[in-house]
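Everything on this sheet refers to the single structure shown next.
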Amino acid sequence: NPMEHGEASKLALYGVADYTWNTAAYNAIDNWERGIEALTPEAADAYRTFAIHSCDTETGYRRAESWETRTFRIAEYTQEEYDALLREFLAIEQVPARMEAGCRNEALLGELRPWLTEFGKLGTRGRKTLELIKTYEAGDDGAFWAAYVGNLMTEQERKDYEAHKSGT
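Numbering (the working numbering), first residue to last: 274 to 441.
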């Protein structure tokens, strides 16, 4: 079973190695955090942001993702919840640039680049969606609909996203 993305698979291989080395003491989350730091020490925070929102394979092996991010219902939210989610979308939006600037593993970047690109776009769409809430609450219907339509994905953008999904 050849690995199509060997560099990107190193995080999983780090976990396997840790597990087989000391099964009794294995801690999946601790291992995952240490693996990210070991594999991309110069861009660990950006890689972690990408990874935490990209764990679900959508192929029958469902995994919880984005477990640190709290969402809310538009009908009932606090400014604190809004601000926290906005900060997360801004962080997601910045991941591609932060990985390009900080990650020294060119092979990993080469493998992840299409997914990182789409991930950054996901952050932009999320940020713009949150901004729609405030536009709606301000009562400016024209601005709301213009922003809503501007945030819709084109057919090509949908194809690009479907080809390199990250974040569900």
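Where is the CB? At the ideal position from N, CA and C, for every residue including glycine.
Note that this is a predicted model, so its numbers are computed, not measured.
Which of helix, strand or coil does DSSP assign to residue 285?
Counted from its first residue, the sequence shown places residue 285 at position 12. Three-state result, residue 285: helix.
Does DSSP put residue 346 in a helix, in a strand, or in coil?
Mapped onto the sequence shown, residue 346 falls at position 73. If DSSP states are grouped into helix, strand and coil, residue 346 belongs with the strands.
Can you check which of these residues, 316, 315, 285, is closest to residue 303 by C-alpha distance?
For this step, residue 303 is matched to residue 30 along the sequence shown. Ranking 316, 315, 285 by Cα distance to residue 303 puts 285 first.
Relative to the alpha-carbon of residue 391, which residue among 402, 309, 436, 314 has its alpha-carbon at the smallest distance?
Residue mapping note: residue 391 aligns to position 118 of the sequence shown, counting from 1. The candidate whose alpha carbon is nearest that of residue 391 is 436.
So, at 7 Å on beta carbons, what are the nonlocal neighbours of residue 398 in its own chain, with the 5 sequence-adjacent residues on each side left out?
Reading the sequence shown from its first residue, position 125 is the one you call residue 398. Only 424 meet the Cβ criterion.
Distance between residue 325 and residue 395 (C-alpha atoms, nearest Å):
The residue labelled residue 395 in the question sits at position 122 within the sequence shown. The residue labelled residue 325 in the question sits at position 52 within the sequence shown. Taking the straight line joining both Cα atoms gives about 14 Å.
According to DSSP, simplified to helix, strand and coil, what is residue 274?
Position 1 of the sequence shown, counted from the start, is the residue given in the question as residue 274. Because residue 274 sits at a pLDDT of 43, beneath the cut-off of 50, its placement in the model cannot be relied upon, and the following sentence gives the value as read from the coordinates. DSSP places residue 274 in coil when its eight states are reduced to three.
Thinking C-beta only, is residue 288 closer than 8 Å to residue 305?
Counted from its first residue, the sequence shown places residue 305 at position 32. Counted from its first residue, the sequence shown places residue 288 at position 15. Yes. Within cutoff.
Can you check whether the CB of residue 316 is closer than 8 Å to the CB of residue 372?
Position 99 of the sequence shown, counted from the start, is the residue given in the question as residue 372. Position 43 of the sequence shown, counted from the start, is the residue given in the question as residue 316. Yes, the Cβ-Cβ distance between residue 372 and residue 316 is below 8 Å.
Keeping to the same chain, check which residues put their C-beta closer than 8 Å to that of residue 370; ignore five residues upstream and five downstream.
On the sequence shown, position 97 is the one that residue 370 refers to. 393, listed in sequence order.
Taking only three categories from DSSP, how would you classify residue 425?
The count along the sequence shown starts at 1 and reaches residue 425 at position 152. Of the three classes helix, strand and coil, the one that applies to residue 425 here is coil, per DSSP.
When we look at the beta-carbon of residue 383 and count the other beta-carbons within 10 Å, is it buried (16 or more) or exposed?
Walking along the sequence shown from the start, residue 383 turns up at place 110. The residue in question, residue 383, is exposed, as its Cβ has fewer than 16 Cβ neighbours within 10 Å.
Got a sec, what are the start and stop residues for the alpha helix (DSSP H) residue 355 sits in?
Position 82 of the sequence shown, counted from the first residue, corresponds to residue 355. Note, residue 355: alpha helix (DSSP H), 352 to 375.
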